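A.B. asks: Note that this note's numbering numbers the sequence shown so that position 214 is 243, with each residue one more than the last.
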Amino acid sequence: MSRAIHIAGGRALRGTVTVSGAKNAVLKHMAAAILAEGVSTFHRVPRIADVEVMSEVLRRLGADVRFEGDTAFIDTTSMDSFEAPYDLVATMRASILVLGPLVARFGTARVAMPGGCNIGSRKIDLHLKGLQQLGASISSEHGYIEASAPTGLSGAHIFLDFPSVGATENLLMAAVKARGTTTIENAAREPEIQDLIALLGAMGARIEGAGTSTLVVEGVPELRPAEHTVIGDRIEAGTMLVAGALAAESLTVEGADPAHLELVLSKLADAGVPVSVDGARMTVAGPGRFAPVDVATLPYPGFPTDMQPQFMTLLSLADGDSVITENVFESRFMFADELRRMGADITIDGHRAIVRGVKRLSGAPVKAPDLRGGAALVLAGLVAEGETLVGDTYHIERGYEDLVGKLAAVGAAIEWVEAEGGDVGAHA
Ligand code: EPZ
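#1: Taking the alpha carbon of L280 as the reference point, which residue from V439, E219, K57 has its own alpha carbon closest?
#2: Look up I125 in the DSSP assignment and say whether it is helix, strand or coil.
#3: Measure the alpha-carbon distance for G451 versus V419 and round it to whole angstroms.
#4: Just the Cα atoms here: how many angstroms apart are V453 and R361?
#5: Have a look at the DSSP bridge pairing and note the partners of D104.
#6: The beta strand (DSSP E) with V245 in it runs from where to where?
#7: Quick one: what's got a C-beta closer than 6 Å to E237's C-beta in the same chain, skipping five residues either side?
#8: Considering only the alpha carbon of each residue, which of E359, R389, M363 lies closest to H380?
#9: Would you mind working out which of G44, Q162, G230 sits nearest A255, comparing C-alpha positions?
#10: Determine the DSSP secondary structure at F319, reduced to helix, strand or coil.
#11: Any contact of the stretch 283-300 with the stretch 53-71, i.e. 3+ C-beta pairs under 8 Å?
#12: Where does E251 land, buried or exposed, given buried means 16+ other C-beta within 10 angstroms?
#13: Does the distance from the C-beta atom of G38 to that of E414 stay below 8 Å?
#14: Taking the beta strand (DSSP E) that D190 belongs to, which residues open and close that run?
#15: Tell me the DSSP bridge mates of F332?
#16: Under the rule that 16 or more other beta-carbon atoms within 10 Å means buried, what is A455, buried or exposed?
#17: Going by C-alpha distance, which of V94, A60, L270, L343 is nearest D286?
#18: Identify whether A455 lies in helix, strand or coil by the three-state DSSP scheme.
#19: Got a sec? Which residues, its chain only, sit under 6 Å from L163 by beta carbon, not counting five neighbours each side?
#20: Quick one: what's P394 bridged to in DSSP?
#21: Tell whether a beta-carbon distance below 8 Å holds between I425 and L432.
#22: In the DSSP assignment, the beta strand (DSSP E) including R369 goes from what residue to what residue?
#23: What are the start and end residues of each continuous beta strand (DSSP E) run of 3 or more residues lying completely inside the stretch 222-272, in chain order?
#24: If you drop the 5 nearest sequence neighbours on each side, which residues of the same chain put their C-beta closer than 7 Å to that of I34?
#25: Whose C-alpha, out of L297, D348, I353, S84, is nearest the C-alpha of I377?
#26: Between the C-alpha atoms of G267 and M311, what's the straight-line distance to the nearest angstrom?
#27: Give me, in chain order, the residues of the same chain whose beta-carbon lies closer than 8 Å to that of V249; leave out the 5 immediate sequence neighbours on both sides.
#28: Given that a residue counts as buried once 16 or more other Cβ atoms are within 10 Å of its Cβ, and exposed if not, what is S166?
#29: By the three-class DSSP mapping on this structure, what secondary structure does I34 have?
#30: Is the beta carbon of F358 within less than 7 Å of some heavy atom of the ligand EPZ?
#31: Helix, strand or coil for L172? Go by DSSP, reduced to three states.
#32: Just reading off the beta strand (DSSP E) that A382 is part of, what are its end residues?
#33: Is it buried or exposed, S69, if we count other Cβ atoms within 10 angstroms and call 16 or more buried?
#34: Identify every residue that forms a DSSP beta bridge with G44.
#35: Assess contact between the stretch 149-164 and the stretch 195-202, defined as three or more Cβ pairs (one per stretch) separated by less than 8 Å. Is contact present?
#36: Should T120 be labelled buried (16 or more other beta-carbon atoms within 10 Å of its own) or exposed?
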């Protein structure tokens, strides 16, 4: 039975929401566990579909993965396979992040090439080029990447064409056991990478430069299992802040580090939505109307592309025109087609979306095109006149732990219902 999310707009939100551990950190931590023989323990693991898929990938590799609440225990002692199969990689692209750790630990890996998804082609050329520079031989056939380094990896000076998050992570996890020194220039600086570096350090890796564009890794012969608490999900926190901006009398969001959301908080203030910060608690109230704001997504610390659809929902109700420029992915505007069904006035011109503010949105049946677009449709439903039904919610369940429950707990009229006619479409 597939499920849809039903929302009756117009309810005021009040209270406190606590976000879960970061999806875009924990998936990499789970892959990093491969690097050490034994049991690694992770706390604050969000129970989301992507974590289930990554657990299945590790099990197919021979690891044992079990959960106690939001704690995951990953035992890599009996790993006996080095292949991440297509059915799982096609479900979740982040499976490609087992490539670096597998080559580093076992000298071999066979990972299905991840397909594109609804936001872009999602290439992995920078991952593969960096692994070759570290001495792995790479071949691809029948839709699989084969990587081998029978005599181990050797440090290299890698210059990324683009500060790719995934490439930085895959290459870090390969370099930690490479002989000698590896330098990664133009590395991505996202907080989730800083958290991965903290984990790798706890496992015995030697990495300098966390948070900067230049990472220097001194290879070590062995890594040991570690215990680690995942950082809070800054994108879930940003999503909840936009919910508050749209519909709250007063909403406090806790569990993420405000320092990871500086530009989002600044853009909310520019839109007429001040967020008060008290330690790790961020409180927002809905002003009801918003000032138009121009937004351009960029790698961290720029405005996060994963907050772009949520801001499009907010700015669709601004008093004037906003320009949103998507610089990270080549087609992350599919969501606009669905928001138009709710009355938004948006014109797409290549990488730019011109968002002309309208007085109100109206509830409608819509379909989540991807993870963040789906969440942004839920946000629109909170303030739209009438009822909204969001279908294809499997996209949302990939990356938000209990979004419906968290919003209902602060006053939203939101519930799961059975999808009419069934949702179609394979997992992107
Ligand atoms: C991570 O994706 C996140 N996913 C994405 O979050 C996020 O949007 C993205 O980083 C940017 O912040 C996870 O962490 C699981 P990239 P990733 O490599 O690693 C191009 C969400 O909603 N590129 O920085 O795939 C690529 O095509 C998801 O939670 C190459 O050209 O992002 C894209 O246009 C969506 N060659 C751009 O770089 C490569 O080898 C950014 O990709 C690699 C990337």
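Just so you know, even glycine gets a beta-carbon here, dropped at the ideal spot from N, CA and C. Since we're looking at a predicted model, the values are computed, not measured.
C.D. replies: In short, the structure shows the following:
#1: If we check each option's Cα against that of L280, V439 comes out closest.
#2: helix
#3: Residue placement at G451 is poorly supported in this model, since its pLDDT is 49, which falls under 50; the coordinates are not used for a value here.
#4: Confidence in V453 is poor, its pLDDT being 39 and thus under 50, which makes the residue's placement too unreliable to answer from.
#5: V68, D93
#6: Segment 244-247, the beta strand (DSSP E) holding V245.
#7: V245
#8: E359
#9: Taking A255 as reference, the option from G44, Q162, G230 with the minimal CA-CA separation is G230.
#10: strand
#11: no
#12: Burial call: exposed.
#13: In this structure, E414 lies closer than 8 Å to G38 by Cβ.
#14: It is not in any beta strand (DSSP E) - D190 carries neither H nor E in the DSSP assignment.
#15: Per DSSP, T326.
#16: A caution first: A455 carries a pLDDT of 37, below 50, which makes its placement in the model unreliable, though a value can still be read off. Label assigned to A455: exposed.
#17: It is L270 whose Cα lies nearest to the Cα of D286.
#18: Residue confidence for A455 is low, a pLDDT of 37 falling below 50, so the modelled location carries little weight and cannot support an answer.
#19: Within its own chain, the residues whose Cβ lies closer than 6 Å to the Cβ of L163, once the five positions on either side in sequence are excluded, are L182, A185, A203, A207, listed in chain order.
#20: L418
#21: yes
#22: That residue, R369, is in no beta strand (DSSP E); its alpha helix (DSSP H) goes 363-370.
#23: 235-237, 244-247, 256-258
#24: V407, V419, T422, V433, I443, W445
#25: If you compare the alpha carbons of L297, D348, I353, S84 with that of I377, the shortest gap goes to I353.
#26: Taking the straight line joining both Cα atoms gives about 10 Å.
#27: V205, K206, G233, A234, R235
#28: exposed
#29: strand
#30: yes
#31: Residue identity check: residue 172 is Gly in the sequence provided, not Leu. Here G172 sits in coil by DSSP.
#32: 381-385
#33: buried
#34: Paired residues: L280.
#35: yes
#36: Classification of T120: buried, given that the 10 Å Cβ count is 16 or more.
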